[in-house]
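>
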Amino acid sequence: MADYKWPDQQHRSYLGKKIDRLDGPVKLTGRAKYTYDYNPKGLLYGALVTCPYARAKVLSVDTSAAEKMPGVKALKVVKTPGTETHWAGDEIVALAAVDERIAEDAARAVVVKYEVLPHFVQDEIEPPKDIPLASGPLSQEDLEDMFSNQVPEGKIADAIKTRGINWKPDEGFFKDLKGYGVDQVVIDALRGAQVKPGTAGPKSPYKRTAVQTEGDPDKAFAEAAYVVEGVYGMPVITHCCLETHGLVAEWPDQKSMNVHVSTQNVSGMAAQMAPMLNLSASDIHVEQQNIGGGFGSKFGPDSWGMHAAELSKMAGGAPVKMMLDRKVEQEMAGARPSAYGRVKVGADKDGNLIAWESNSWGTGGVTGGGSPPLPYLFRIPNQKKQHTAVSCNIGSARAWRAPNHPQASLLTECALDDLAAKMGMDPMDFFLKNIEMTGPRAKTYAEEFKIAAEMIGWKEKWHPRGDKTPGPLKRGLGLGLHTWGGRGHESHCDLTVHPDGGVEVRIGSQDLGTGTRTVIAIVIADAMGIPIEHVKVFLGDNKYPMSGASGGSTTSGGVSSSTHRAAVDARDALLAKVASSLKAQPEELEVVKGTVRVKSDHSRAMTWKQACAKVGPVGITVRGNNPDRTKPPDLTNSGIGGVQMAEVSVDIETGVVRVEKLMAVQDAGLIVSKKTCETQMLGGMIMAVSYSLYEEKVMDPTTGRMLNPNIEFYRLAGLPDIKDLRIHLHNTQEQENRGVIGIAEGAVTAPGTAISNAIANAIGVRVPFMPFTPGRVLAALEEHGQNAMAGGAM
Amino acid sequence: MNEEDRKKPEGSGLSRRDFMKIGGMTLAVPMVASPKVLRVGGEDVEVYGPEKTMVTLNVNGKLMRAELEPRVTLLDALRESFDLTGSKRVCDRATCGACTVWLDEKPVYACGMLAIDAQGHKITTIEGISTPENMDAVQKAFWENDAQQCGFCTPGFVMATKAFVEKNPHATLEDARKGLSGNLCRCGTYVGIHSALRQLTGMKEA
């Protein structure tokens, strides 16, 4: 019987080691081809006419001049007269022409008349308190909101019964709910629910959701020895993928389509495109070897991708490339929902957290968006919370690395940090005092706090709020903690051992630069006991076995589990074929560093190549699956976490914040590819430095347009912003035993909180909203009359 | 070709068509576009287009020709006409550095320059540095220090870094941070780039 357990320490040549990524050379030499680089013969270039207004009704669309221009091959009116648009950047017309300049000229030649309608884009304003509770039918988003806010399932079922739902769930939806462990009472309520589709959106931009009370918060606050109230928040930011969204579609004949697409979801793309094109998913061939960033924003074909598919068909099947330009990309191809909150927390005289109250709000676009799970991590016994979804005329929200977590972490852990400051307590001591409230992970967090504190020198450097050092430069320390799931997704692969010793695996996954190829090669090489050079990884093609979308840190666990099982099975099949030549039973054999040998007698051996030559002309091909209950154990797991600590310097004369140090301690299950794992973690931390200090989708209240739809004014952190960043992987034996868990989301959550807390520690006042720009820092100092601190410099 | 030659009106009175014929016959002479010359404010001004014009670029040691509208950027010419797609289009307005190439050994943003203006210069793209089988020291340092993720900014970073370390072999890390601040990465690979820089120059902190 095959042993599917992960190899033990003695059998790890690559697993957990620092291996150079497989696709390094091809990317470093500019040879890696991305969707944007695909230039087939006869390529047509797509362009979009987009709406300049935040909200408008299309009155007329005149495409006659554009259609007459030489070189324009296909044109499609997307928003016909009478249609309403909901954000600046919404597509009105899509067209394709023989070169990009002509396509752009043609787009400019389209004349669209609009009736401009009122809009709303100011999500940072605190909503009024007396908004009536939503009573209309529930949307899928409402339901997700309730799940993420841990609303009791009986209450969810009641809401479904009284309010109805606005869509008709199919069996797949119920199956998914079951898969997520949703109680049958909710599923039954949904099955019996009244479906009231097409209800008009709310007239007010505000919709109260997720109102919930636990325990007796009023009494707890009355009894609390210490109470603080503060406002915290972070604005909408964009994904700003360096490769914009888009695809190249071509129709070799009327009944099939080839698509090169920039996506996190190679296997799932065809099924999304097929129905709208009257094709079967099996008629669509999807390919992608490399992707220039996704971060949660590239799971679907997107409306413009569908336009490209239709334009290609209209143009006789010629390939049409529709990559968004940077402006449109920033306007509508990805936004992380904002979150703001007025938060009150209370503790007893010993520093035990006893009460929480939050009124949070934020926008994810016109539909409002999700609400952060509050309070984050700490299950405070008495809670009162409500969230207001703000409908804004901006491009729709998309998942952004660790959806809702950075927001929840900031709103919760900044409030706790303020409470610690009020009590005159070191926040690390305060967090540790209440760490049991984080549940089963408490012990791990406590260990991680100690390691992080040593890395940054917390005990030596920490001071109470307000650095009293003379001069304008103030330094401070702050901390944050986070959690994520990260269980491996569904994944299948085919693995072939060729008679010449080569091993290839075909898997419908994708490598986002996270190291998927490298992870797979490491797993297979160690499971088979062969040099990694023997393993060739083929991915990025939907004709390979289905593997899940890369979202929610699910890829490493998924692909490592499926390929590991396939590798073990293929190895055992090989051993069964060669056992007689070594005068042994298959189970007496092992493969070590490319040698097949008898465990008890290493002289009875042959090379891997010699062994493979004995398997016959077509080699061995096996399928690997995850999950696979017939082949225990479960090789992946859910639940990672970590602690991060930041040291900042703040110039109180200029308001400039610098992140001097950022230290991360992360538990991550069994590490497969240590090098890419560390890079992925550091990447999350750097993205967090970037959003903490610079990033904001700046909306103009008057015109409703994004003021910085580019890269010069939508600032990203650069090399000068990144100083001393270090990570410690807390991979104890206990952690390793849990199997492979994805880590991508975790690292991006805590640093923003740690940086905010460090700034408060440095300058003595809280800067409420990200990004912590000089203007916001100076305004906070001004408001609290703390600019007198600069006196030391005089 | 020096600046003086470039500015020289290519034979006033000679029609574009005639010039093209001549250019087509004398292949040994680097081909340049044939601007019309207009007298503006007392000075001769070269005017290209708006129609397509033959553009000849010296890229990675080879002469490459394409008929392009004068408004085509060097980046788009490289990517679309010559299929040299290692230089990436990201911001498309000279901010992020993903399109960095060398113009006579000096790193420039290829999206911020017209192809016609790049004529007569020696252009080096990432494809001209090395092949995957035979990487340069900068590329090896990036690989070993895992200074990349999605890889979209990577060719631009390699071009900028190689130019920087060759010009500043004794730079400090702080110098390098500033020197390479014209290139941006979204995945967050700067720590790996720092390590690669240290490996390349033996540079110290500060």
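Chains as they are written, first to last, in our numbering: chain A, 348 to 1141; chain B, 32 to 237. Glycine included, every Cβ here is placed at the ideal spot set by N, Cα and C.
Met-992 (chain A): which of A:Pro-817, A:Gly-823, A:Gln-559 and A:Lys-365 sits nearest, CA to CA?
A:Gly-823
> Give me the Cα-Cα distance between Gly-988 (chain A) and Trp-831 (chain A), rounded to the nearest whole angstrom.
6 Å
> Can you tell which of B:Cys-218, B:Gly-210 and B:Ser-161 has its C-alpha closest to the C-alpha of Gly-117 (chain B)?
B:Ser-161
> Less than 8 Å between the CB atoms is what I'm expecting for Pro-564 (chain A) and Glu-704 (chain A), so what's the real figure, rounded?
That pair is a contact at about 6 Å.
> For the segment 412-428 of chain A, which residues have a beta carbon sitting closer than 7 Å to at least one beta carbon of chain B?
Those residues of the segment 412-428 of chain A placed with their C-beta closer than 7 Å to a C-beta in chain B do not exist.
> Any beta carbon of chain A sitting closer than 9 Å to that of Glu-199 (chain B)?
Note on identity: in this sequence residue 199 (chain B) is Asn, with Glu being the wrong assignment. Output row for Asn-199 (chain B): interface = no.
> Could you check the C-alpha separation between Leu-1009 (chain A) and Ala-1094 (chain A) for me, to the nearest Å?
11 Å
> Which residues in chain B sit within 9 Å of Val-884 (chain A), going by Cβ to Cβ distance?
Ordered by position in chain B, no residue passes the 9 Å Cβ test against Val-884 (chain A), which lies about 16 Å from the chain.
> Span of the beta strand (DSSP E) holding Cys-959 (chain A)?
Taken as a continuous stretch (DSSP letters only), Cys-959 (chain A) belongs to no beta strand (DSSP E), being part of the alpha helix (DSSP H) at 955-960.
> If the cut-off is 9 Å on Cβ atoms, which residues from the segment 1028-1045 of chain A count as contacting chain B, listed in chain order?
Leu-1029, Gly-1030, Gly-1031, Met-1032, Ile-1033, Met-1034, Ala-1035, Val-1036 and Ser-1037
> For Leu-105 (chain B), which of helix, strand or coil comes out of DSSP?
If DSSP states are grouped into helix, strand and coil, Leu-105 (chain B) belongs with the helices.
> Between Leu-1063 (chain A) and the ligand COA, is the CB less than 8 Å from at least one heavy atom?
Ligands are entirely absent from the displayed structure, and the ligand COA is therefore not among its contents.
> On the three-pair Cβ rule with 8 Å, is the segment 573-592 of chain A touching the segment 682-698 of chain A?
yes
> If the criterion is Cβ atoms closer than 9 Å, does the pair Phe-467 (chain A) and Gly-862 (chain A) meet it?
Between Phe-467 (chain A) and Gly-862 (chain A), the C-beta spacing is not below 9 Å.
> Assuming contact is defined by CB atoms lying nearer than 9 Å, are Gly-876 (chain A) and Lys-940 (chain A) in contact in what I supplied?
yes
> My parser needs the beta strand (DSSP E) runs of 3 or more residues fully inside the segment 647-727 of chain A; what are they?
667-670, 686-694 and 700-709
> What residues from the segment 359-382 of chain A come within 9 Å of chain B, judged by C-beta to C-beta, listed N to C?
Lys-365, Asp-367, Arg-368, Asp-370, Gly-371, Pro-372, Val-373, Lys-374, Leu-375, Thr-376, Gly-377, Arg-378, Ala-379, Lys-380 and Tyr-381
> Answer with yes or no whether the minimum CB distance from Met-144 (chain B) to chain A is below 9 Å.
Answer no: the Cβ-Cβ gap between Met-144 (chain B) and chain A never drops below 9 Å.
> Between Ala-557 (chain A) and Val-533 (chain A), which are expected to be in contact by the criterion C-beta below 8 Å, what is the C-beta distance as a whole number of angstroms?
16 Å between Cβ atoms; not a contact.
> Of all the options A:Gly-511, A:Lys-476 and A:Ala-628, which has the alpha carbon lying nearest to the alpha carbon of Gly-483 (chain A)?
Among A:Gly-511, A:Lys-476 and A:Ala-628, the Cα nearest to that of Gly-483 (chain A) is on A:Gly-511.
> Indicate the three-state DSSP secondary structure (helix, strand or coil) for Gly-771 (chain A) in the structure shown.
Gly-771 (chain A): coil per DSSP, three-state reduction.
> Say whether chain A places a C-beta atom closer than 9 Å to the C-beta of His-152 (chain B).
no
> Smallest Cα separation from Asn-176 (chain B): which of A:Arg-1062, A:Pro-1056 and A:Leu-1029?
A:Leu-1029
> In chain A, which residues lie with their C-beta within 8 Å of the C-beta of Gln-230 (chain B)?
Simply none; closest approach about 13 Å.
> In the structure shown, what three-state DSSP assignment does Pro-470 (chain A) receive?
As written in the sequence, residue 470 (chain A) is Asp, which differs from the Pro given in the question. Three-state result, Asp-470 (chain A): coil.
> Straight-line CA distance for Pro-974 (chain A) to Gly-898 (chain A)?
17 Å
> Determine the chain A residues that contact Lys-137 (chain B) at a beta-carbon separation under 7 Å, and present them in chain order.
Near Lys-137 (chain B) there are no residues of chain A at all, since even the closest Cβ is about 19 Å away, more than 7 Å.
> Comparing C-alpha positions only, which one of A:Gly-855, A:Thr-1096, A:Gly-1086 and A:Val-613 sits nearest to Trp-353 (chain A)?
A:Gly-1086
> If you reduce the DSSP assignment to three classes, tell me which class Tyr-891 (chain A) lands in.
coil
> So, at 8 Å on beta carbons, what are the nonlocal neighbours of Gly-73 (chain B) in its own chain, with the 5 sequence-adjacent residues on each side left out?
The beta carbon of Gly-73 (chain B) sits closer than 8 Å to none of the beta carbons in its chain outside the five residues before and after it.
> Assuming contact is defined by CB atoms lying nearer than 9 Å, are Val-445 (chain A) and Pro-428 (chain A) in contact in what I supplied?
no
> Going by DSSP, name the residue or residues bridged to Ala-421 (chain A).
Ala-421 (chain A) has A:Ala-443 as its beta-bridge partners, per DSSP.
> Using three-state DSSP, classify Val-458 (chain A) as helix, strand or coil.
strand
> Using CA atoms only, rank isn't needed, just tell me which of A:Asn-1055, A:Pro-1048, A:Ala-443 and A:Arg-976 is closest to Tyr-1041 (chain A).
A:Asn-1055
> With a CB to CB cut of under 6 Å and the five nearest residues on each side skipped, what residues in its chain are close to Pro-544 (chain A)?
Within the same chain, Pro-544 (chain A) has close Cβ partners Asn-513.
> For His-949 (chain A), does the count of other Cβ atoms within 10 angstroms reach 16, so buried, or fall short, so exposed?
exposed
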